[in-house]
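First comes the structure, then the notes that go with it.
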Amino acid sequence: MTEEAVKIVEQLRRSNRVTFRSLAGDAENTLVVVARFLALLELYREGVLRFEQVIALGELHITWVGGAEGEIEVSDEFDVPVVVVEDETNGDQNV
2 MTEEAVKIVE QLRRSNRVTF RSLAGDAENT LVVVARFLAL LELYREGVLR FEQVIALGEL
62 HITWVGGAEG EIEVSDEFDV PVVVVEDETN GDQNV
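Numbering (the working numbering), first residue to last: 2 to 96.
So this is what it looks like as structure tokens:
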């Protein structure tokens, strides 16, 4: 999640305001989308961004309110390695 937080901070500092859709647009899989969302929650808790959603279930807008430079402290409590195990009976992957 820390790696995703760094990407989010860089993008928000460049753009100042983005949608969650644009932040998650290049995610390789669902786990990356979840990691980015958790990173956003951590950054919100740190007070460096603001959320706006005009209508329920509408587009989520994120605005950067933190500094233009400097390091942002993000918890690494969710940074655990993901182990993918193949099911030998049918070739499925399990996380």
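The C-beta atom is built at its ideal place from N, Cα and C for all residues, glycine as well. On a predicted model such as this, the values are computed, not experimentally measured, just so you know.
Counting Cβ pairs closer than 8 angstroms, one from the segment 58–66 and one from the segment 27–34, do we hit at least three? no
For the ligand PLP, is there a heavy atom less than 7 angstroms away from the beta-carbon of Val7? As for the ligand PLP, it is missing from this structure, which has no ligand bound.
Quickly, what does DSSP pair Phe52 with across the bridge? List them, please. Ile63
Throw me the rounded Cβ distance for the Arg1 and Leu50 pair, which I believe falls under 8 angstroms. Given a span of 2 to 96 for the chain in the structure shown, any question on residue 1 remains unanswerable.
Using DSSP with H/G/I as helix, E/B as strand and the rest coil, what is Glu70? coil
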